[in-house]
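Below: one structure, written as structure tokens.
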Amino acid sequence: MTATYDYGAYTVNGKNLHLKWLEADINEVTIRNVGATTVGNSGYYGVNGTFFDNSSSSSTYGYLTGIAIQNGSIVRQAGGTQDYTTFSSGGRGALVKLSNNLADGTFLFEKRFYEFPVTHNGYTIQQSNVQWAIGGISLYLGETLTESAFNSRMVSEKAPSYSSNVARTAIGYKGANKVILCTFFDGNDLWNGGKGCTIWDVRTVMKDKFGCTMGVNLDGGGSTQIRFKQGTSSNYHETEARKIFSMVTVPM
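Take 5 as the starting number for the sequence shown in the numbering used here and just add one per residue.
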């Protein structure tokens, strides 16, 4: 089953955004190590993945700073933890698809944690039981939160530029085994990664437009990139040619 692509203008909290998104079956998602390349040059369809060390002079340049796991294995250096250098001990959020359901029927969950094994609903989950997992910043879609309360969570997760208007990427679960991979660009300046929306705005869109009940905000700004197929034509959108190292991919 192939993913579908759509796009359009959307107004959230008084801001004009341009959204580009993919909708795919939950079992068609693959987390990949794409190395030092852009989404547009990766050869895959999908969006950029988790956060990474973007200091090109660093010995850990390109190491991931969020979870990125496929079929029980990390896809790239440091992709097994949520904060390998400077984040809080509580880790960050991740969306996790299990290979084998828990006894209570759980097959997917979003949770803030550091690394596997992790406890969820009283069950201990090992990395070996992960079909795929991608880390980012929790959107807390299942909770009722004010913007102030949500931003306090962002401080706790050490979310970068959470209240700034920049390009964004998010993954969310909307039910019926469907996930949304959405990129958020400024509606008046689509090619400027330094313009866009806050993570609170991302949360609002994922809840109100797509009806997602779980989700995480992925890397953003110049990292926000998407590649998709329209008819027989393959296209991509990016605000800069930043190398992104990991991707959330889907078939098209």
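Glycine included, every Cβ here is placed at the ideal spot set by N, Cα and C.
Keep in mind that this is a model prediction, so the values were computed, not measured.
For the stretch 211 to 246, the full-length beta strand (DSSP E) segments reaching 3 residues or more read 218 to 221, 229 to 234, 237 to 242 along the chain. Residue 113 and residue 226 have their C-alpha atoms spaced approximately 28 Å apart. Around the beta carbon of residue 205, 16 or more other beta carbons lie within 10 angstroms, which makes this residue buried.
Burial check for residue 132: the Cβ neighbour count within 10 Å stays below 16, so the residue is exposed. With at least 16 other beta carbons inside 10 angstroms of its own, residue 25 counts as buried. In this structure, DSSP gives residue 128 an extended state, which the three-state scheme calls strand. Between residue 195 and residue 176, the alpha-carbon positions lie close to 24 Å from each other. When the beta-carbon positions are compared, residue 251 and residue 80 stay at least 8 Å from each other. Residue range 151 to 160 is occupied by the alpha helix (DSSP H) that includes residue 154. With contacts defined by Cβ atoms closer than 8 Å, residue 200 and residue 189 form a contacting pair. The Cβ neighbour count for residue 158, taken over all protein chains shown within 10 Å, is at least 16; the residue is labelled buried.
In this structure, residue 209 and residue 141 do not form a Cβ contact; the two beta carbons are roughly 15 Å apart against a cut-off of 8 Å. Check the Cα spacing between residue 224 and each of 238, 211, 215, 203: the tightest is with 203.
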